[in-house]
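Q: Would you mind keeping the following structure in view while I ask a few things?
What follows is the structure, given as structure tokens:
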């Protein structure tokens, strides 16, 4: 509201979900019967994820839509968010006065086992990273926790001298273990919770849930 004395929101944090947010009752939604008894509540409904992803696509195209983009999707958890984000980016490109070419490549970062972050990062799969030289790179990740894994990935990619690197993450956790890293584009800032769904898993379970 114009003239309000309230502090302006920090849009760089994305949609902020407070620590005291109780979530939505599971009985308000449908979800696979084999997960009954395994989930506590819905943190973010699917429709809100879709709307927020579309807005992120608009922000990305506004910032870097004047150049071709190499999208680097971090698997496995990032594939659903990446697919939806790229589809929105392509739709915006098709309806603009300039076509933006987007190449999508996939990598895996070996750093998680169960609910504990493990040791050093290992990059698996993807094209030869040297092909990123001189390119405009958009890294798409599902969730940033401590930030250490993403910093390690950025350090690896920067060695190949891309023209530009931007990071989009659906989720950023508020955790005391954070090293301060913030993606360029954030969908939601959430409490320090272990979340599943929308391709995020726990030992390969819960990836098929459309909500978190």
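Residue numbers (the numbering used here): 97 to 308.
Glycine included, each C-beta is placed from N, C-alpha and C at the ideal position.
Computed from a predicted model, the values in this text were never measured in an experiment.
Which of the three DSSP states, helix, strand or coil, is assigned to residue 57?
A: Lying before the first or after the last residue shown, residue 57 is absent from the chain, which here runs from 97 to 308.
Q: Where do the N-terminal and C-terminal ends of the beta strand (DSSP E) with residue 238 fall, by residue?
A: Sequence index remark: in the chain shown, residue 238 carries index 142 (1-based). For residue 238, the enclosing beta strand (DSSP E) stretches over residues 232-240.
Q: Do you know offhand how far residue 183's Cα is from residue 190's?
A: Residue numbering aside, residue 183 sits at position 87 when the chain shown is read from its first letter. Residue numbering aside, residue 190 sits at position 94 when the chain shown is read from its first letter. Roughly 11 Å separates the two Cα atoms.
Q: In the structure shown, what three-state DSSP assignment does residue 285 receive?
A: Locating residue 285 in the chain shown gives position 189, counting from the first residue. Residue 285 falls in the strand class under three-state DSSP.
Q: Can you tell me which of the three DSSP states residue 135 falls into?
A: In the chain shown, residue 135 corresponds to position 39, counting from 1. It is coil, neither helix nor strand.
Q: At what residue ranges does the stretch 164-218 contain a whole run of the beta strand (DSSP E), taking only runs of 3 or more?
A: 165-171, 198-209
Q: Taking the straight line between their C-alpha atoms, what separation do you get for residue 114 and residue 188?
A: Within the chain shown, residue 114 is the residue found at index 18, counting from 1. Within the chain shown, residue 188 is the residue found at index 92, counting from 1. If you take the alpha carbons of residue 114 and residue 188, they lie about 31 Å apart.
Q: Please determine, among 197, 179, 280, the residue with the shortest C-alpha to C-alpha distance to residue 146.
A: As a working mapping, residue 146 is identified with position 50 in the chain shown. The shortest Cα separation from residue 146 among 197, 179, 280 belongs to 179.
Q: Do the stretch 223-236 and the stretch 252-270 meet, that is, are 3 or more Cβ pairs less than 8 Å apart?
A: Remark: three or more beta-carbon pairs, one from each stretch, lie closer than 8 Å, so the stretch 223-236 and the stretch 252-270 are flagged as touching.
Q: Go ahead and pull the three-state DSSP assignment for residue 153.
A: Here residue 153 refers to the residue found at position 57 when the chain shown is read from its first residue. Helix at residue 153.
Q: Mind the definition here: the stretch 263-280 touches the stretch 217-228 only if three or more C-beta pairs lie below 8 Å; say whether that holds.
A: no
Q: Would you report the Cα separation of residue 203 and residue 254, rounded to the nearest angstrom?
A: Here residue 203 corresponds to residue number 107 of the chain shown, with the count starting at 1. Here residue 254 corresponds to residue number 158 of the chain shown, with the count starting at 1. Spanning the two alpha carbons is a distance of roughly 16 Å.
Q: Quick check: what's the CA-CA separation for residue 174 versus residue 206?
A: One-based indexing of the chain shown puts residue 174 at position 78. One-based indexing of the chain shown puts residue 206 at position 110. One Cα belongs to residue 174, the other to residue 206, and the distance between them is close to 14 Å.
Q: Looking at residue 152: is its Cβ nearer than 9 Å to the Cβ of residue 243?
A: Residue numbering aside, residue 152 sits at position 56 when the chain shown is read from its first letter. Residue numbering aside, residue 243 sits at position 147 when the chain shown is read from its first letter. No, Cβ-Cβ distance for residue 152 and residue 243 is not below 9 Å.
Q: Could you tell me whether the Cβ atoms of residue 286 and residue 140 are closer together than 9 Å?
A: Within the chain shown, residue 286 is the residue found at index 190, counting from 1. Within the chain shown, residue 140 is the residue found at index 44, counting from 1. For residue 286 and residue 140, yes; Cβs fall inside 9 Å.
Q: Verify whether the separation of the beta carbon atoms of residue 185 and residue 157 is less than 9 Å.
A: Stepping through the chain shown from its first residue, residue 185 is reached at position 89. Stepping through the chain shown from its first residue, residue 157 is reached at position 61. Pairing residue 185 with residue 157 gives a Cβ-Cβ distance under 9 Å.
Q: Take residue 163 as the anchor and find which of 137, 192, 169, 138 has the nearest alpha-carbon.
A: As a first step, residue 163 must be located in the chain shown, where it is residue number 67. For residue 163, the nearest C-alpha among the options comes from 192.
Q: Tell whether a beta-carbon distance below 9 Å holds between residue 249 and residue 201.
A: What you label residue 249 is simply residue 153 of the chain shown in a count that begins at 1. What you label residue 201 is simply residue 105 of the chain shown in a count that begins at 1. In this structure, residue 201 does not lie closer than 9 Å to residue 249 by Cβ.
Q: Closest by CA to residue 239, which one among 142, 265, 246, 132?
A: One-based indexing of the chain shown puts residue 239 at position 143. Residue 239 has its Cα closest to that of 265, out of 142, 265, 246, 132.
Q: In terms of alpha-carbon separation, which member of 171, 181, 170 lies closest to residue 154?
A: What you label residue 154 is simply residue 58 of the chain shown in a count that begins at 1. Taking each of 171, 181, 170 in turn and checking the Cα distance to residue 154, the smallest one comes out for 181.
Q: Tell whether a beta-carbon distance below 9 Å holds between residue 291 and residue 109.
A: For this step, residue 291 is matched to residue 195 along the chain shown. For this step, residue 109 is matched to residue 13 along the chain shown. No, the pair does not count as a contact, with Cβ atoms beyond the cut-off.
Q: What is the residue span of the alpha helix (DSSP H) that residue 252 lies within?
A: Your numbering for residue 252 matches position 156 in the chain shown. Element bounds for residue 252: 244-254.
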